[in-house]
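>
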Amino acid sequence: MIELKNYLAGQWQAGLGEGHIIKHAVSGQPVARCSTEGVDFKAALEWGRSQGGASLRALTFRQRGELLGQMVSVLRQHLPEFYDIAATYGATKTDARGDIEGGIGTLNVYAELGRRELPDRHYLTDGELVGLSPDGGFGGQHLYVSRCGLLVQINAYNYPAWGMLEKLGPSLLAGLPSLVKPAPQSAWLTVRMVEVLLEAGVVPEGGLQVAAGGPGDLLDHVTGQDVIAFTGSAETSYLIKSHPNVVRSGVRLNIETDSLNAAILGQDVEPHSPLFNSYINEVFKEMTYKAGQKCTAIRRIIVPEELAEPVAVTLRDRLKAVSIGDPAKVDVTMGALVDHQAVEQVRQKIGQLAQEADIIHGAPKRIGFVGGNSRDGAFMEPILLFVHDSEKTRLVHEIEPFGPVATVVPYQNLEQAIALAVQGNGSLVTSIFTGDLETATRLTLALAPYNGRLMVITDEAAASQSTGHGIAMPLLIHGGPGRAGGGEELGGLRSVYHYLQRVAIQGSPAGFLQQFSTGSFD
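Going by this note's numbering, the sequence shown opens with residue 4, and the numbers climb by one from there.
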């Protein structure tokens with residue numbers, strides 16, 4: 004087995020004890036071990052703040068953008084190796100591309116923003132100077148400055164590359180070093196990426212650390228200058244938000260959790276029309292891409308009653324053709340879940356959903372797929388369920404099986420479609436497919452308060468050029484209210500501001516404040 008070491012306080016160090024044993028998602032054989040037992044998180048945080056923070060704050064925004072560009076060049080030289088590692092946790096090449104190259108691409112977007120849209124200085128002005136006295140002798144100016152802390156990244160197993168890089172880009176631009184805590188199940192890829200960057204010497208000392216095992220007492224040592232960015236389950240987010248030290252210290256939080264995302268089909272859409280087929284394609288892709296292990300995946304297929312059967316039959320036929328097995332094989336279109344624990348958790352959730360919905364495709368416990376050792380792998384068929392009484396169902400809006408699972412939920416009219424969608428209590432994204440612009444507008448305005456993003460497909464041009472329901476684009480915000488965590492990431496420069504401190508400066512407009520707007524002293 005490979006020993007995944009932690010890079011903390013300037014050195015690679017192995018954790019004590021048995022730690023977490025990472026097993027190959029296809030063969031079931033152990034491939035790596037990681038542990039953080041015995042490491043000194045307090046020292047690591049202090050080292051990151053003092054060494055990494057000071058080095059990054061010494062650079063201007065534009066210089067930090069150049070640094071990100073160097074990181075992108077280094078990571079792109081190691082793509083084949085990253086893809087090989089991704090296959091060990093069940094990812095097909097298509098699955099891995101969105102994570103690995105999507106993450107590097109996002110980092111590159113922030114490199115360009117830093118080089119082209121941010122000034123060559125150490126602070127940003129926010130708005131115009133505000134007069135605070137009748138004669139103009141006293142005023143105020145808002146500034147954004149770097150915090151003197153560190154970003155603690157706590158990331159989910161489904162995006163071990165993108166999850167780190169989409170946080171690293173804006174935070175490094177803001178002058179904030181990172182300590183990355185990936186989920187153990189797929190930590191190998193994260194650790195290797197950090198190792199590659201450190202070996203190349205493109206990150207200032209202390210600017211990037213990684214802890215491959217459990218969180219230990221990490222949160223006991225964060226301060227009010229630090230930021231925590233979490234991606235994962237709603238249950239874990241509750242523990243972070245309620246941690247005594249996090250609460251007492253007023254640590255800034257950004258939370259993104261799994262959610263019950265929906266795709267709504269309009270009543271105007273004809274069966275097997277181009278818009279209908281686009282809807283089917285999107286749902287199918289979201290069910291099978293990364294074996295459904297995505298926080299943005301479509302879980303609720305909300306369709307008109309008169310289209311429920313055509314949708315169900317068409318989806319079932321598409322799912323029958325899915326080839327499940329070793330992602331290294333060219334004929335495989337869906338790989339394994341990350342491990343057997345994930346499979347069992349999904350099976351339990353399906354059992355709960357089956358109290359209110361019928362399974363119309365797939366057998367949750369069936370095994371034996373394409374490729375060798377499939378009985379030892381973490382495989383699962385795509386599971387499609389069908390709710391026959393949407394008025395009485397409750398669980399489909401509360402329970403998320405984090406795998407290749409979705410449920411058809413019929414509706415009678417637009418008001419009911421809206422009511423069903425909002426029962427998810429906050430989603431990362433909802434997609435709308437309708438050729439009727441009035442319907443699209445009504446759904447958009449009604450669902451906007453409950454979503455971080457809405458994808459609205461009203462014609463073939465939008466469908467063919469769409470970036471997809473499940474793809475978080477770096478120039479648009481990613482996050483959502485309520486169950487989705489209430490956080491906000493990406494959105495271009497918006498996310499850089501999240502990691503900065505806004506401060507109001509008061510003084511003489513001509514004698515003191517003017518130098519901030521002109522940058523004359525920086």
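Idealized CB from N, CA, C, for every residue including glycine.
Considering only the beta carbon of each residue, do alanine 35 and leucine 7 sit closer than 7 Å?
Locating residue 35 in the sequence shown gives position 32, counting from the first residue. Locating residue 7 in the sequence shown gives position 4, counting from the first residue. Their beta carbons are under 7 Å apart, which means alanine 35 touches leucine 7 by this criterion.
> What residues in its chain sit with their C-beta under 7 Å from that of isoleucine 362, if we drop five residues either side in the sequence?
Position 359 of the sequence shown, counting from 1, holds the residue named residue 362. Result list for isoleucine 362: Ile386, Leu388, in chain order.
> What's the gap between the Cα of glutamine 344 and the Cα of methionine 337?
Here residue 344 is taken as the residue at index 341 of the sequence shown, counted from 1. Here residue 337 is taken as the residue at index 334 of the sequence shown, counted from 1. Taking the straight line from one Cα to the other gives about 18 Å.
> Using CA atoms only, rank isn't needed, just tell me which of Leu340, Ser511, Ser520 is closest to serine 136.
Counting from one through the sequence shown, the residue named residue 136 turns up at place 133. Checking every option, the nearest Cα to that of serine 136 belongs to Ser511.
> What three-state label does DSSP hand alanine 266 in the structure shown?
Translated into positions along the sequence shown, residue 266 becomes position 263. Three-state result, alanine 266: strand.
> Leaving out five residues before and five after glycine 375 in sequence, what residues of the same chain have Cβ atoms less than 6 Å from its Cβ?
On the sequence shown, position 372 is the one that residue 375 refers to. Here the model assigns glycine 375 a pLDDT of 47, short of 50, so the residue's position is not dependable, and the following value carries that caveat. Taken in chain order, the list of residues that qualify is empty.
> May I have a chain-ordered list of the beta strand (DSSP E) segments no shorter than 3 residues that lie completely inside the region 350-399?
361-364, 386-389
> If I measure Cβ to Cβ from leucine 116 and keep anything under 8 Å in the same chain, skipping five residues before and after, which residues do I get?
In the sequence shown, the residue the question calls residue 116 occupies position 113. These residues qualify, in order along the chain: Gly68, Leu176, Gly495, Leu496, Val499.
> Give the secondary structure of asparagine 428 by DSSP, where H, G and I count as helix, E and B as strand, and everything else as coil.
Taking the first residue of the sequence shown as position 1, residue 428 is located at position 425. Asparagine 428: coil per DSSP, three-state reduction.
> Count the other CB atoms within 10 Å of the CB of methionine 196; is the residue buried (16 or more) or exposed (fewer)?
The sequence position of residue 196 within the sequence shown is 193, counting from 1. Counting other Cβ atoms within 10 Å of its Cβ, methionine 196 reaches 16 or more and is therefore classed as buried.
> Between valine 373 and alanine 90, what straight-line distance do the alpha-carbon atoms span, to the nearest angstrom?
Position 370 of the sequence shown holds residue 373. Position 87 of the sequence shown holds residue 90. Residue confidence is low: valine 373 scores 49 on pLDDT, short of 50, so the model does not pin down where it sits. Its coordinate-derived value is still stated next. Their Cα atoms are separated by approximately 15 Å.
> Measuring alpha carbon to alpha carbon, tell me which residue in Ser189, Val286, Gln351, Gly328 is nearest aspartate 320.
Translated into positions along the sequence shown, residue 320 becomes position 317. Checked all of Ser189, Val286, Gln351, Gly328; the closest Cα to aspartate 320 is Val286.
> Exposed or buried, what is alanine 315 when buried is set at 16 or more other beta-carbons lying within 10 Å of its beta-carbon?
Reading the sequence shown from its first residue, position 312 is the one you call residue 315. By the Cβ-count criterion, alanine 315 is buried, with 16 or more other Cβ atoms from all chains shown falling within 10 Å of its own Cβ.
> Rounded to whole angstroms, what is the Cα-Cα separation between glutamine 296 and asparagine 161?
Position 293 of the sequence shown, counted from the start, is the residue given in the question as residue 296. Position 158 of the sequence shown, counted from the start, is the residue given in the question as residue 161. Glutamine 296 and asparagine 161 have their C-alpha atoms some 6 Å from each other.
> How should threonine 470 be labelled, buried or exposed, when 16 other C-beta atoms within 10 angstroms of its C-beta is the threshold for buried?
Taking the first residue of the sequence shown as position 1, residue 470 is located at position 467. Classification of threonine 470: exposed, given that the 10 Å Cβ count is below 16.
> Does the count of Cβ pairs from the region 74-83 and the region 38-46 closer than 8 Å reach three?
In this structure the region 74-83 does not lie against the region 38-46, because fewer than three pairs of beta carbons, one per stretch, are closer than 8 Å.
> Hey, how far is the Cα of alanine 466 from the Cα of valine 459?
Mapped onto the sequence shown, residue 466 falls at position 463. Mapped onto the sequence shown, residue 459 falls at position 456. Between alanine 466 and valine 459, the C-alpha separation is close to 9 Å.
> Taking the alpha helix (DSSP H) that proline 413 falls in, what are its first and last residues?
Residue 413 sits at position 410 when you count from the first residue of the sequence shown. It is not in any alpha helix (DSSP H) - proline 413 instead sits in the beta strand (DSSP E) that spans 408-414.
> For the alpha helix (DSSP H) containing proline 307, name the first residue and the last one.
The residue given as residue 307 occupies position 304 in the sequence shown. Run containing proline 307: none in the alpha helix (DSSP H); it sits in the beta strand (DSSP E), 301-307.
> Just the Cα atoms here: how many angstroms apart are asparagine 248 and leucine 242?
Here residue 248 refers to the residue found at position 245 when the sequence shown is read from its first residue. Here residue 242 refers to the residue found at position 239 when the sequence shown is read from its first residue. Cα to Cα, the separation comes out at about 11 Å.
> Grab the span of the alpha helix (DSSP H) containing phenylalanine 44 for me, first residue to last.
In the sequence shown, the residue the question calls residue 44 occupies position 41. Taken as a continuous stretch (DSSP letters only), the alpha helix (DSSP H) holding phenylalanine 44 covers 44-50.
> Nearest to histidine 145 by CA position, among Gly328, Leu71, Val506, is which residue?
Looking up residue 145 in the sequence shown gives position 142. Checking every option, the nearest Cα to that of histidine 145 belongs to Val506.
> State the DSSP-derived secondary structure class of methionine 290, mapped to helix, strand or coil.
On the sequence shown, residue 290 is found 287 positions in, with the first residue counted as 1. Correct three-state label for methionine 290: helix.
> Could you give the residue range of the beta strand (DSSP E) that holds methionine 74?
Start at 1 with the first residue of the sequence shown, and residue 74 comes out as number 71. That residue, methionine 74, is in no beta strand (DSSP E); its alpha helix (DSSP H) goes 64-79.
> In chain order, what residues of the same chain have a beta carbon less than 7 Å from the beta carbon of isoleucine 402, not counting five sequence neighbours either side?
Residue mapping note: residue 402 aligns to position 399 of the sequence shown, counting from 1. Excluding sequence neighbours, isoleucine 402 sits near Lys352, Gln355, Leu356.
> Below 8 Å, how does it come out for the region 264-279 and the region 428-435: are there three or more Cβ pairs, yes or no?
yes
> Have a look at the DSSP bridge pairing and note the partners of alanine 35.
By 1-based counting over the sequence shown, the position of residue 35 is 32. Answer is Ile5, Ile25, bridged to alanine 35.
> Please check the pair aspartate 261 and serine 236, which I expect to be a contact at CB under 8 Å, by giving their CB distance rounded to whole angstroms.
The residue you call residue 261 lines up with position 258 of the sequence shown. The residue you call residue 236 lines up with position 233 of the sequence shown. With a contact defined as Cβ atoms closer than 8 Å, aspartate 261 and serine 236 qualify at about 6 Å.
> Quick check: tyrosine 147 and leucine 503, are their CB atoms within less than 7 Å of each other?
Walking along the sequence shown from the start, residue 147 turns up at place 144. Walking along the sequence shown from the start, residue 503 turns up at place 500. Closer than 7 Å, so yes.
> Please confirm whether asparagine 442 and glycine 178 have their CB atoms less than 7 Å apart.
The residue you call residue 442 lines up with position 439 of the sequence shown. The residue you call residue 178 lines up with position 175 of the sequence shown. As written in the sequence, residue 442 is threonine, which differs from the asparagine given in the question. One thing to note: threonine 442 has its Cβ no nearer than 7 Å to the Cβ of glycine 178.
> Evaluate methionine 167 with the Cβ neighbour count: other Cβ atoms within 10 Å of its Cβ, from every protein chain shown; 16 or more gives buried, anything less gives exposed.
Start at 1 with the first residue of the sequence shown, and residue 167 comes out as number 164. Counting Cβ neighbours within 10 Å, methionine 167 comes out buried, since at least 16 surround it.
> Pull up the distance between the alpha-carbon of leucine 516 and that of glycine 406, whole angstroms please.
As a first step, residue 516 is located in the sequence shown; it is residue number 513 there, counting from the start. As a first step, residue 406 is located in the sequence shown; it is residue number 403 there, counting from the start. Their Cα atoms are separated by approximately 55 Å.
> State the start and end residues of the unbroken alpha helix (DSSP H) segment that holds phenylalanine 519.
Residue 519 sits at position 516 when you count from the first residue of the sequence shown. Its alpha helix (DSSP H) spans residues 517-521.
> Tell me, please, whether the region 293-311 touches the region 411-420 by the rule of three or more beta-carbon pairs shorter than 8 Å.
Touching, yes.
> To the nearest angstrom, how far is the alpha carbon of glutamate 120 from that of histidine 81?
For the purposes of this step, residue 120 is taken as the residue at position 117 of the sequence shown. For the purposes of this step, residue 81 is taken as the residue at position 78 of the sequence shown. Distance between the alpha carbons of glutamate 120 and histidine 81: 29 Å.
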